[in-house]
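Report on the following structure.
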Amino acid sequence: MARPTRIRYTIYLLALLVDMTSYMDRVCISVAAPALEQEFALSKSQMGWVFSIFSLAYFLGQTPWGMLADRLGARNIVAGAIVWWSAFTALTGAAWSYVSLLFIRFWFGAVEAALSPSIASAFSRWAPVGERSTAFGAFLSGGRIGGAVAPPIAAALLLGYGWRTMFMAFAGLGLLWAVAWRWWYRNTPREHPRINAEELAIIEAGLAAEGPVSEDRPGPWRLLKGSPQLVLLLGVSFGYTVMWQFYITWFPTYLIEERGFSLEQAGFVSGLPFLFGVAANWVGGLLTDALCRRMAPSRARRLVGFAGLLTAGALMLAGILAPWAMAGALLMALAAFAGDMMLGPFWASTISAGGNAGGTAGGLANAASNLGGFVSPVVIGWALDQWGDWNAVLLLTVAANFAAAALWWPANRPKAKAA
Numbered sequence: 041m042a043r044p045t046r047i048r049y050t051i052y053l054l055a056l057l058v059d060m061t062s063y064m065d066r067v068c069i070s071v072a073a074p075a076l077e078q079e080f081a082l083s084k085s086q087m088g089w090v091f092s093i094f095s096l097a098y099f100l101g102q103t104p105w106g107m108l109a110d111r112l113g114a115r116n117i118v119a120g121a122i123v124w125w126s127a128f129t130a131l132t133g134a135a136w137s138y139v140s141l142l143f144i145r146f147w148f149g150a151v152e153a154a155l156s157p158s159i160a161s162a163f164s165r166w167a168p169v170g171e172r173s174t175a176f177g178a179f180l181s182g183g184r185i186g187g188a189v190a191p192p193i194a195a196a197l198l199l200g201y202g203w204r205t206m207f208m209a210f211a212g213l214g215l216l217w218a219v220a221w222r223w224w225y226r227n228t229p230r231e232h233p234r235i236n237a238e239e240l241a242i243i244e245a246g247l248a249a250e251g252p253v254s255e256d257r258p259g260p261w262r263l264l265k266g267s268p269q270l271v272l273l274l275g276v277s278f279g280y281t282v283m284w285q286f287y288i289t290w291f292p293t294y295l296i297e298e299r300g301f302s303l304e305q306a307g308f309v310s311g312l313p314f315l316f317g318v319a320a321n322w323v324g325g326l327l328t329d330a331l332c333r334r335m336a337p338s339r340a341r342r343l344v345g346f347a348g349l350l351t352a353g354a355l356m357l358a359g360i361l362a363p364w365a366m367a368g369a370l371l372m373a374l375a376a377f378a379g380d381m382m383l384g385p386f387w388a389s390t391i392s393a394g395g396n397a398g399g400t401a402g403g404l405a406n407a408a409s410n411l412g413g414f415v416s417p418v419v420i421g422w423a424l425d426q427w428g429d430w431n432a433v434l435l436l437t438v439a440a441n442f443a444a445a446a447l448w449w450p451a452n453r454p455k456a457k458a459a
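Written out as structure tokens, the structure is:
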């Protein structure tokens, strides 16, 4: 018998690289925020809207893109989305006013919204149940790699060439991965010209372990009505992102204004949550899949995710209250590590809950996430203008994270037939 090919692993790797690029393009604006505030005379509330308009569009696009990926496949959708979000990243560097920033960032979010639900749809066809948490951990670690490397690179480009050139530079990388994805990925394993029968058998046996899956692809409302588990997972997604969005948007500004860091220091330190998140996504995914070999998958996901969320809230709280600037920043970064251990299990649970509509389920989950991502920067910006107290504002994000932990436990209640 021939050795199985490893096509699915190259697809996981390519998804990682695409997500890395998406986060580089998304996160670089956080480093440019002080320069944008000065250039366009923006208040904290207005800057919060610049951050949040992306998440609003991302929220609105999730479910439609997920449904489209379930029906048409992820091959062309992902490649096209990369091209368009790269174009809007470049256009951010050409912004001439507050309103133009809002317009450009809205459409940037609308097209980047295609990525996660399309990958969820792809993995529902390519990733066997026993390695789904690891597959999603690998994919999501790409975003964290992008988030880790973007701030120091963005800070160097901004200091050397200005914020407009910075955005232009970040736009170029995506085009490479658009071509690579379109060339290598196929919408189903059987369509791939390089896969052999042995790997195909592994994938199909792994998918069959999920249990019988209907060919019916329910729409979002019917899917939610039939899956209380998915409804709870949406709450988890919202609550965790309220806290996580702080890292993507306001963290560099917090370090500079509240903790006294220089721009260079803030650029380095604000990358740490993403760097720690790289390791966390791999650790959380591998640990969950290892536990799946010893217990029901739903129970394994429940334990890893719940421990991660509880620890994340505790570390974030400690970071807020720490009297030493660097200690506080490091504790906040470690909170990101703990919380991100939940993400691989989260996505495995989500596509299991979605059945044959994995892309639609993923779109709903990411929509809930980006509703939290929309609310968080706006509320933080408004509260800072009103109260001027970073600590009071950040305590709200900790409360949202603990609420996510409370929902995670019942969302992964073991069933008679484990997912």
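Using the working numbering, you'd call the opening residue of the sequence shown number 41 and step up by one each time. Don't be surprised by glycine CBs; every beta carbon is placed ideally from N, CA and C.
If the criterion is Cβ atoms closer than 7 Å, does the pair Val-467 and Gly-307 meet it?
Since the first and last residues shown for the chain are 41 and 459, residue 467 lies out of range.
Under 8 Å: do the stretch 371-378 and the stretch 301-316 share three or more Cβ pairs, one atom per stretch?
The stretch 371-378 and the stretch 301-316 touch, with no fewer than 3 CB-CB distances between them shorter than 8 Å.
Using the Cβ count rule (16 or more neighbours within 10 Å means buried), how would you classify Glu-239?
If you number the sequence shown from 1, residue 239 lands on position 199. By the 10 Å Cβ count, Glu-239 comes out buried.
Three-state secondary structure assigned by DSSP to Asn-116
If you number the sequence shown from 1, residue 116 lands on position 76. Residue state, collapsed to three classes: helix.
Once DSSP output is grouped into helix, strand and coil, what is the label at Trp-449?
For the purposes of this step, residue 449 is identified with residue 409 of the sequence shown, where counting begins at 1. DSSP places Trp-449 in helix when its eight states are reduced to three.
Among the candidates Gly-88, Asn-452, Val-151, Met-335, whose CA atom is the shortest distance from the CA of Val-418?
Taking the first residue of the sequence shown as 1, we reach residue 418 at position 378. For Val-418, the closest alpha carbon among the candidates Gly-88, Asn-452, Val-151, Met-335 is that of Gly-88.
Go ahead and pull the three-state DSSP assignment for Tyr-280.
Residue numbering aside, residue 280 sits at position 240 when the sequence shown is read from its first letter. Note: Tyr-280 maps to helix in three-state DSSP.
For Val-282, which residues in the same chain have their Cβ closer than 6 Å to its Cβ, ignoring the five residues on either side in sequence?
Here residue 282 refers to the residue found at position 242 when the sequence shown is read from its first residue. The answer, listed in chain order, is Gly-412, Ser-416, Thr-437, Ala-440.
Taking Leu-53 as the reference, which of Asn-236, Phe-179, Arg-165 has the closest Cα?
By one-based count along the sequence shown, residue 53 stands at place 13. Checking every option, the nearest Cα to that of Leu-53 belongs to Phe-179.
What's the gap between the Cα of Met-60 and the Cα of Leu-263?
By 1-based counting over the sequence shown, the position of residue 60 is 20. By 1-based counting over the sequence shown, the position of residue 263 is 223. Distance from the CA of Met-60 to the CA of Leu-263, rounded to the nearest whole angstrom, comes to 30 Å.
Label Gly-212 either buried or exposed according to how many other C-beta atoms from any shown protein chain fall within 10 Å of its C-beta, with 16 as the threshold for buried.
Counting from 1 along the sequence shown, the entry for residue 212 is found at position 172. Around the C-beta of Gly-212, fewer than 16 other C-beta atoms lie within 10 Å, and the residue is accordingly described as exposed.
Considering just the uninterrupted stretch of the alpha helix (DSSP H) at Asp-429, what are its terminal residues?
For this step, residue 429 is matched to residue 389 along the sequence shown. Asp-429 -> no alpha helix (DSSP H), and no H or E assigned at all.
Determine the contact status of Asp-329 and Ser-95, defining contact as a CB-CB distance below 7 Å.
Along the sequence shown, read from residue 1 onward, the residue named residue 329 stands at position 289. Along the sequence shown, read from residue 1 onward, the residue named residue 95 stands at position 55. The beta carbons of Asp-329 and Ser-95 sit no closer together than 7 Å.
Ends of the alpha helix (DSSP H) at Met-335?
The count along the sequence shown starts at 1 and reaches residue 335 at position 295. Where Met-335 is concerned, there is no enclosing alpha helix (DSSP H), given that its DSSP letter is neither H nor E.
Can you list, in chain order, the residues of its chain whose CB lies under 6 Å from that of Thr-50, leaving out five sequence neighbours each side?
Start at 1 with the first residue of the sequence shown, and residue 50 comes out as number 10. Counting only Cβ-Cβ distances below 6 Å, and skipping sequence neighbours, we find nothing.
Checking 7 Å against the spacing of the C-beta atoms, do Ser-92 and Phe-414 come in under that value?
As a position in the sequence shown, residue 92 is number 52, starting the count at 1. As a position in the sequence shown, residue 414 is number 374, starting the count at 1. In this structure, Phe-414 lies closer than 7 Å to Ser-92 by Cβ.
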